[in-house]
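Beneath this line is the structure, given in structure tokens, with notes to follow.
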Amino acid sequence: MNTLIYDIGSDDVKRPIWLKVPLREATQVENKLYIDALNYDSIFIGEYIDDSIGCSISLAELTTGRRYEEIGIDLLMVKQRIGSVIEEIDHFIILVADVIQIQSNSCYLFDDIPKLII
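In my numbering, the protein residues as written are 4 to 121.
Right, here's the structure in full:
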């Protein structure tokens, strides 16, 4: 399952930071990896401990999904940046702000009522 990693602001409100996406949970279609961005567990950043191999994903490597709740990752762009190391990666880390940006773009493509990750 995806994991939303958050911090708590001075006003005691959760501030989402990253979305951790296990590769085994994603669906690959050709050179795109699709993930359900609205399905996740949450963990406080102070409790987050992970020793698995991960890779950050930039906004340029993200695409809209096949459905509103999905976002896509362009694997060709990721492979160009990191090379064959991609075979060793267990998960991707994506900024929540980037996920929200992609979902905002998706609301123009789909008739669904927008439901952003936060």
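C-beta atoms are modelled at their ideal positions from N, C-alpha and C, and glycine is treated no differently.
Asked: Taking the Cβ atom as the reference point for each residue, do Leu-62 and Gln-104 lie within a distance shorter than 8 Å?; Found: yes
Asked: Is the beta carbon of Asp-77 closer than 8 Å to that of Lys-35?; Found: yes
Asked: Roughly how many whole angstroms lie between the Cα atoms of Asp-14 and Tyr-51?; Found: 21 Å
Asked: Among residues of its own chain, excluding the 5 on either side of Ile-116, which ones have a beta-carbon nearer than 8 Å to its beta-carbon?; Found: Residue placement at Ile-116 is flagged as unreliable, the pLDDT there being 48, under the threshold of 50; the coordinate-derived value follows with that caveat. Cβ within range, chain order: n/a, list empty.
Asked: Leaving aside the five residues before and after Glu-72 along the sequence, list all residues of the same chain whose C-beta is less than 7 Å from its C-beta, in chain order.; Found: Asp-39, Ala-40, Leu-41
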